[in-house]
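The numbering of the sequence shown is the working numbering, which starts it at 3 and goes up by one.
Cβ coordinates follow ideal geometry from the N, Cα and C atoms, glycine included.
Report on the following structure.
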Amino acid sequence: MPASGISGKQLPAQESWNVTLALSDSGKPRTMISAKHAMEYHQGEKKEILIDGGVNVTIFSRKNGKPTYITAGRGVVHDNQDIEAFDDVIIRSGDGTVIRTEYITRNYRDRMIRSNKNVTITKPTQTIRGSGFESDEAMKRYKIFHASGEAVSK
């Protein structure tokens, strides 16, 4: 599973099992990532950590709100703290919203989660499907591109 800028023939600089990575901002943990297997690759100044075997990501709110949880089959952690997740990606927010897709990217700089793949967003009273979405990390504000869905009226 070579990442974007790393050669598939290159050997990892480090390889670990049952790992937990903490990504911080100004000394405060903002994201925790755990995986069964990790391989760190270097190419010049660039570094990527490929994670697989089941990936769990916890993104902590900057405003002490409820965290957002992401599970996936595999992923990539880039040296700028951007994260990509692949294979059966499930995102659970603090308010009970569940998003299912095959791929997401979480941009560290703007704190947004995005996908260009098919997505299903489920809330207690509605299900929305579409192709592509973007959302803030707390899943409070999101856009679905090419949407369709159903809502339950109570």
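Could you compute how far the alpha carbon of Ile61 sits from the alpha carbon of Arg111? 14 Å
Identify every residue that forms a DSSP beta bridge with Phe135. Ser117, Ile146
Just mark Phe147 as buried or exposed, buried being the case when its beta carbon has 16 or more other beta carbons within 10 Å. exposed
Would you identify the three-state DSSP class for Pro4, choosing helix, strand or coil? The predicted model places Pro4 with a pLDDT of 45, which falls under 50 and marks its position as unreliable, so this point remains unresolved.
On a CA-only basis, which of Thr103, Trp19, Met114, Ala74 is nearest Ala140? Give me that one, please. That would be Met114, whose Cα lies nearest to the Cα of Ala140.
Assign Ser26 to buried or exposed, taking buried as 16 or more other Cβ atoms, counted over all protein chains shown, within 10 Å of its Cβ. exposed
Could you tell me the alpha carbon to alpha carbon distance between Asp90 and Val57, rounded to whole angstroms? 10 Å
Reduced DSSP category for Tyr110 - H, G, I as helix; E, B as strand; rest coil: Coil, per DSSP.
Unbroken beta strand (DSSP E) run spanning Pro31, endpoints: 30 to 45
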